[in-house]
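Each residue of the sequence shown is one higher than the one before, starting from 0 at the first, in numbering that gives the first Met the number 0.
Cβ atoms here follow ideal geometry from the backbone N, Cα and C, with glycine treated the same way.
Computed from a predicted structure; not experimentally measured.
Input: a single structure, listed below in structure tokens.
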Amino acid sequence: MRSLSISLALLAVAIPHYASGVDSETSALRGSARRELRPQYPCTIIRVETQYDENSTEFLSASEPEVEFKCALHPADRDAAGRHFVDIYGVDTVELINVTSGETTLEVEGAIIADGAYNAPAGAKVYFGTIETRRRLSNSRGTKKVLVVRATTSGGDTVSERDDIVDAIFGTFGNPISLRSQYLGCSHNKIDFTPFEGTTQTGYQVTDGIITVDINSDFRGRNRNVAEEGLISAAENIVGDLEQQFDHVILCLPPGTSGGWVAYAYVNGPISVFNDRWCEKLSTLVHEVGHNLNLAHSGSAEGPYHDKHGVMGFSYNEFFGPRMCFNPAKNWQLGWYDDQAIEWNPNDGTFIGTLVGVVDYGKNYEDFVVVKIKQTWRESIHIGYNRAKGYNEETRMARNMVTIVSAGKGYSQSMLLETLSIGDSMTISSFGTDAKDLTIQFLLTDSTTDQALIAISYGDCVFPTCCKGAMCLSSTTLRTPTNPTLSPVRVPTPESTPVPTPMPTPAPTSVPTPAPVSFQGTGTPELLLSEDFSMDMGSFTALGEKISREYYEDEINVATFEFNDSSNPPRLETDINLNGNTILSVFFWFKASELRSDQSIIVRYSLDGKETWSRARELLFGYDQEFQLNQWYRVTDAFFIVPEGTKSITLQIFGQTGQNAELVGESLLDDTSSDSGQNDDSEGELLLDDASTNSRFSFGRFVFMGDRNP
């Protein structure tokens, strides 16, 4: 036998159980006698995935999707055998399951092709190779030439009308929701399935990317593969070699073939086959062409098709829907969002980032469509946000939820592990080579529900009580001064709750704790706000002069104050809905440079529309060197309580300076309302130094948590 480079022959399929019958029926159809020959060239192994109707006997009796393996014959062997493809007998399925469909070749000593099958003698040596000239059909980018082949039969039966098929696949006659438009939308124009227009090898003129083939046979009650073989042969008689001219071939078979099948496709191959009017059903078209692009099924613990938030799960008996894209594992594999996808190593520390749905790809390149967490010896984890809008508006589960999906390398069925609502988390135990807990949290969304903030923690350091790595700016926590003035009341916090215990406040200013003076939180605080300044000031409004967004080490967004304008101090302000929470805390990261001893940053809040202000925290540089210049710190003790029934607060961070820090403290920060805590005067009366300085104060991420009495 010879070994040489071959091109990928046209791929097609037959059912092993019907091999002899298929061959005799096909021979009669083609007017040929039974053939038996020794193949002269390796054939190319093809995996075939078949969908059945949910109510069919085949579907109900199968615990797993039907998987078949065929061999696409070399053109020379194909001409001699009178077939494009054959079943494989005598080779263990275990040996075939891990081959690369459309690329791996098969050669067996002493093999013969007979009765529609590639027959390997018992005990013969089996050789697997790789084709050298690859069509690269799994390439998920670029313009793809598509030919649709529609069948009519001698019995008068016909599939859908020509123009209906064309409209369903290409949208040529005004259909806004087609196979073409859905792939254009989901890929953001990175792949385009266009109808072939023009003259074929035989001189035949194709219009609208479709031909209608009359087959002089009645296929009612017969095996689907007989109809397929007849349709391919008749089509090639009209237009010439299908493989050489078209990137994808869609076959619309006549109704009435046996079995409850819906459609099937060649994995990493050009052909997809549809039963009767399933050639017009959107989700089925997108699903089967997905197999052509080397995508496997999407399942869950409930079953192999039960991940319903992407099109590689179930297909639906609908003409114009549902409009869905793919799950996070498929999105990673397709590569359409590579510039907004990240592979995160959990050993690098805490991941804190914003996810967006595929529809919002390209709006902000600091957001992610997919986060992948790789495992060397097990399936990797893929995380995405299933935003239900646009061309993903009809996703059938986990709408506007964070989804966690596992998948292996290459062609691998993905498994939906969990769907998270806001505030939910999932912990995967013994993850990775270090066998630590991996915790994934859905923290919150923005006001438009287009962005989802998530945190990924590894081991014992779980956000927000612990944060390590570059996304936290630093793991350094603001230290306690050596001679503090304590608050009048120290409020105990149970160890079970992530809300931090209040630390002593540095002199000369004390921070009274508003009533009530004793509480016990629920232990499950709610994230009310998280801002990373990826979209300018984000949730905050910038007030005053000299506030800008900058980049720390060219990768982390920070908001920077400059203390230059004494009449209009820099301030950030936002309103926060408390959702019934009364126990509140602020976490944030900061770095000061060139800050003078009479300058400070104050975190304060108002319960009454900014009439009066109460301080949660003041950061003083001059007193006892509470922090060092040019070093990042994390504040975890800006902590306060508001009265029951408070619906919202105004939170403000502002920069203060003055000739005398104690005088400023007395004149601005005296308690003028003992019922609500320490108060400041209106922001227009702040006493600031008129001298221009180079003082700068930068903020990293802000996190605002809430809890309540149980």
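Would you please state the rounded distance, in angstroms, between the beta carbons of residue i and residue j? I believe it to be under 8 Å.
i, j, result
"Asp306", "Ser413", "7 Å"
"Ile648", "Tyr604", "5 Å"
"His247", "Lys143", "6 Å"
"Val266", "Asn293", "6 Å"
"Glu196", "Gly208", "7 Å"
"Ala119", "Ala110", "5 Å"
"Leu571", "Met536", "7 Å"
"Tyr360", "Gln339", "6 Å"
"Phe462", "Ile351", "7 Å"
"Val272", "Leu252", "6 Å"
"Gly302", "Phe325", "Actually they do not touch by this definition, with Cβ atoms about 18 Å apart."
"Arg219", "Gly173", "Not really, about 33 Å apart at Cβ, beyond 8 Å."
"Val145", "Thr201", "About 18 Å separates the two Cβ atoms, so there is no contact after all."
"Glu242", "Ala262", "The Cβ separation is near 20 Å, so there is no contact."
Return the bridge partner residues of residue i from the DSSP annotation.
i, result
"Glu342", "Lys371"
"Arg149", "Thr211 and Cys251"
"Asp191", "Thr142"
"Met704", "Leu526 and Ser584"
"Glu561", "Arg695"
"Tyr126", "Glu106"
"Leu36", "Ile112"
"Lys590", "Ser697"
"Asp574", "Thr649"
"Trp331", "For Trp331, which the question treats as bridged, DSSP gives no partner whatsoever."
"Glu617", "Ile601"
"Leu354", "Phe367 and Ala451"
"Trp631", "Answer by DSSP bridge pairing: none, since Trp631 is not bridged."
Might you give, ordered along the chain, the residues of its own chain that have their beta carbon closer than 7 Å to the beta carbon of residue i, omitting 5 neighbours on each side?
i, result
"Pro345", "Ile372, Gly431, Leu437, Ile455 and Tyr457"
"Gly407", "Glu378"
"Lys435", "Tyr457 and Gly458"
"Tyr203", "Ile237 and Val238"
With 16 as the cutoff for other CB atoms within 10 Å, does residue i come out buried or exposed?
i, result
"Leu213", "It is worth fixing the name first, because residue 213 is Asp in this sequence and not Leu. That one is exposed."
"Ile96", "exposed"
"Gly784", "There is simply no residue 784 to check, as the chain begins at 0 and stops at 709 in what is shown."
"Glu227", "buried"
"Gln332", "buried"
"Arg221", "buried"
"Gln450", "buried"
"Arg489", "For Arg489, the predicted model reports a pLDDT of 22, less than 50, meaning its position is unreliable; a value from the coordinates is still stated below. Arg489 should be labelled exposed."
"Ala32", "Because the pLDDT of Ala32 is 43, which lies under 50, any placement of that residue in the model is unreliable, and the number read from its coordinates should be weighed accordingly. It counts as exposed."
"Lys124", "exposed"
"Tyr17", "Unreliable positioning characterises Tyr17 in this predicted model, as indicated by a pLDDT of 26, which lies under 50. The coordinate reading is nonetheless provided below. So Tyr17 ends up on the buried side."
"Phe639", "buried"
"Pro513", "Any reading at Pro513 must be qualified, since the residue scores a pLDDT of 31, below 50, and its modelled position is unreliable; the value itself is stated next. By the 10 Å Cβ count, Pro513 comes out buried."
"Glu279", "buried"
"Thr92", "exposed"
"Tyr364", "exposed"
"Lys167", "With the sequence shown as reference, residue 167 is identified as Ala, and Lys is not the correct amino acid for it. Answer is buried; the Cβ neighbour count reaches 16."
"Glu35", "exposed"
"Lys362", "exposed"
"Pro487", "Residue placement at Pro487 cannot be trusted, given a pLDDT of 26 that sits under 50; the coordinates are not used to answer."
"Lys646", "exposed"
"Thr540", "exposed"
"Glu131", "exposed"
Return the chain-ordered list of same chain residues with a C-beta closer than 6 Å to the C-beta of residue i, the five sequence neighbours on each side being excluded.
i, result
"Leu452", "Thr353, Leu442, Leu443 and Ser529"
"Gly683", "Below a pLDDT of 50, predicted positions are generally treated as unreliable, and Gly683, at 33, falls in that range; the measurement from the model is reported next regardless. Within the same chain, Gly683 has no close Cβ partners at all."
"Phe127", "Thr103"
"Arg388", "In the sequence on display, residue 388 carries Lys and not Arg. So the qualifying residues of the chain are Val358."
"Asn659", "Reliability fails at Asn659, whose pLDDT of 28 lies under 50, so the model's placement of it is uncertain and no value is given."
"Ser697", "Val557, Thr559 and Lys590"
"Arg276", "Ser159"
"Ala233", "Val212 and Ile214"
"Cys460", "Lys467"
"Gly383", "Pro327, Val369 and Thr402"
"Ser428", "Asp436"
"Leu284", "Leu178"
"Phe367", "Gln339, Ile341, Gly352 and Leu354"
"Arg140", "Lys189 and Ile190"
Taking 8 Å as the limit between beta carbons, can you name the residues of its chain near residue i, skipping five residues before and five after?
i, result
"Ile176", "Gly170, Leu281, Phe319, Gly320 and Arg322"
Is there a Cβ of chain C sitting closer than 9 Å to that of residue i, yes or no?
i, result
"Glu525", "Absent from the structure: chain C. Only one protein chain is present."
Can you give, in chain order, each stretch of the beta strand (DSSP E) that sits fully within the segment 400–472 and has at least 3 residues?
-> 401–406, 413–419, 424–430, 435–444 and 450–457
Would you list, in sequence order, the uninterrupted beta strand (DSSP E) runs of no fewer than 3 residues that lie entirely inside the segment 218–286?
-> 247–252, 260–265 and 270–274
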